[in-house]
Amino acid sequence: AGLWRDLTDNVNQLAANLTTQVRAIAEVSTAVTKGDLTRSISVQASGEVAALKDNINEMIRNLKDQTLK
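So the number in the working numbering is just where the residue sits in the sequence shown, counting from 1, plus 68.
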């Protein structure tokens, strides 16, 4: 039961972390679609989620730069 419990706890923690990351990305993306270019995604992430976060933040910076020209 101890190993199984540890495994399920780890899976639950991974799921919670992913949910937090996706919600942060969705919140900022929604703000940007409404014209708010002051936001950026600051949630801790790794792997593909980190790459997505970085790309969206870069997109926001580029949009902001273009609107200032």
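Every residue gets a Cβ at the ideal spot worked out from N, C-alpha and C, and that includes glycine. Keep in mind it's a predicted model, so treat the numbers as computed, not measured.
Round the Cβ separation of residue i and residue j to the nearest angstrom and send it over; I've been treating them as touching at under 8 Å.
{"i": "I93", "j": "I124", "result": "7 Å"}
{"i": "I109", "j": "V96", "result": "5 Å"}
{"i": "T88", "j": "V111", "result": "6 Å"}
Taking all protein chains shown into account, do 16 or more other C-beta atoms lie within 10 angstroms of the C-beta of residue i, making it buried, or fewer, making it exposed?
{"i": "Q134", "result": "exposed"}
{"i": "A113", "result": "buried"}
{"i": "Q81", "result": "exposed"}
{"i": "K132", "result": "exposed"}
{"i": "K121", "result": "buried"}
{"i": "V79", "result": "exposed"}
Helix, strand or coil: how does DSSP classify residue i here?
{"i": "K137", "result": "coil"}
{"i": "L131", "result": "helix"}
{"i": "G103", "result": "coil"}
Continuous beta strand (DSSP E) assignments of at least 3 residues falling wholly in the region 75-99 | none
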